[in-house]
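The block underneath contains the structure these notes are about, expressed in structure tokens.
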Amino acid sequence: MEDIMPLLLQVCRQTLIDKYCPANLRTSAAETLANQDCLMLDLELPVVIYAKTIAEALATIYWSASMYLGSQFEELERSSQAACGFWDFNLCSRFDEAMLLEQPDAIIAQLVLAFFENDPYYPLPMMELDLEKKLWSIFSGGYIHKADRILVGSTNYEKLRELLTKFLNACVERERKNLRAGKRYGHRDFKS
Numbered sequence: 119m120e121d122i123m124p125l126l127l128q129v130c131r132q133t134l135i136d137k138y139c140p141a142n143l144r145t146s147a148a149e150t151l152a153n154q155d156c157l158m159l160d161l162e163l164p165v166v167i168y169a170k171t172i173a174e175a176l177a178t179i180y181w182s183a184s185m186y187l188g189s190q191f192e193e194l195e196r197s198s199q200a201a202c203g204f205w206d207f208n209l210c211s212r213f214d215e216a217m218l219l220e221q222p223d224a225i226i227a228q229l230v231l232a233f234f235e236n237d238p239y240y241p242l243p244m245m246e247l248d249l250e251k252k253l254w255s256i257f258s259g260g261y262i263h264k265a266d267r268i269l270v271g272s273t274n275y276e277k278l279r280e281l282l283t284k285f286l287n288a289c290v291e292r293e294r295k296n297l298r299a300g301k302r303y304g305h306r307d308f309k310s
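Just add 118 to wherever you are in the sequence shown, counting from 1, and you've got the working numbering.
Right under this line is the structure:
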């Protein structure tokens, strides 16, 4: 399946280019990596709303579901014969507050890796176009706002809140490093 998915995505992308792209631009659109995700704009989809919504979803997964399920995971395993496959899928990890406070750098590194590997459609830092910069700003602001609301009840709120910015800064730094190394925007280490 891992070998089939990239080919399937390539075929789907080419089909969309053939259908929606002007004939004189099709070759360029297909070959230019920067054009990889531009159909959302051409279809006039609400990209600003999408950026905020996926930021809130990611914050909920990282700071509510992971922390809650991290502390409850063993009970879930005992009470269910079916494994909680989410935590074994696409580099997602479970963690609890204590683990996050004891190993913040390791957890943040895992979250950054998962951010880039799991979804190539998140807004990215270090982009060049004004709209892309705006989407990263909306995404990062929405992420901080939602995660902050999730963490506000914690007795370790101040320490945990610092990690929100640390995560986003680590995403920016990873992207900066990869771009300097000649890799494309949103480079994925394990998936193409």
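Ideal placement from N, C-alpha and C gives every residue a C-beta, glycine not left out.
query: Taking the alpha-carbon positions, what's the I262 to G300 distance?
result: 30 Å
query: Should A265 be labelled buried (16 or more other beta-carbon atoms within 10 Å of its own) or exposed?
result: buried
message: My parser needs the alpha helix (DSSP H) runs of 4 or more residues fully inside the stretch 236–309; what are they?
response: 248–269 and 275–298
- prompt: Does DSSP put T150 in a helix, in a strand, or in coil?
  reply: coil
task: Identify, in the order they occur along the chain, each residue of the same chain with its Cβ nearer than 7 Å to the Cβ of Q190, setting aside the five sequence neighbours on each side.
output: Residue placement at Q190 is poorly supported in this model, since its pLDDT is 40, which falls under 50; the coordinates still yield a value, given next. Contacts found: none.
task: Along the alpha helix (DSSP H) that carries I172, what are the first and last residues, could you check?
output: Its alpha helix (DSSP H) spans residues V165 to T178.
Distance, L229 Cα to C210 Cα: Note that C210 scores 48 on pLDDT, short of 50, meaning its location in the model is unreliable; the coordinates nonetheless yield the value given after this. One C-alpha to the other measures close to 8 Å.
task: Look at M244 and R279 and say whether their C-beta atoms are less than 8 Å apart.
output: no
Beta-carbon separation (whole angstroms), V166 vs M158, contact threshold 8 Å: Not confirmed; about 11 Å, so no contact.
field: Exposed unless 16 or more other CB atoms sit within 10 angstroms - verdict on L143
entry: By the 10 Å Cβ count, L143 comes out exposed.
- prompt: Where does T133 sit, in a helix, a strand or coil, going by DSSP?
  reply: helix
task: Tell me whether G271 is buried or exposed, calling it buried when 16 or more other Cβ atoms sit within 10 Å of its Cβ.
output: exposed
query: Since R306 and P238 are thought to touch, with beta carbons under 8 Å apart, how far apart are those beta carbons, to the nearest angstrom?
result: 7 Å
- prompt: Buried or exposed: Y138, going by 16 or more other Cβ atoms within 10 Å of its Cβ?
  reply: exposed
message: I need the DSSP call for L161, collapsed to helix, strand or coil.
response: coil
message: I need the boundaries of the alpha helix (DSSP H) containing A141, first residue and last residue.
response: Note, A141: premise wrong, no alpha helix (DSSP H); not H, not E.
- request: Ignore the nearest five residues each way along the sequence and tell me which others in Q132's own chain have a CB closer than 8 Å to its CB.
  value: A148
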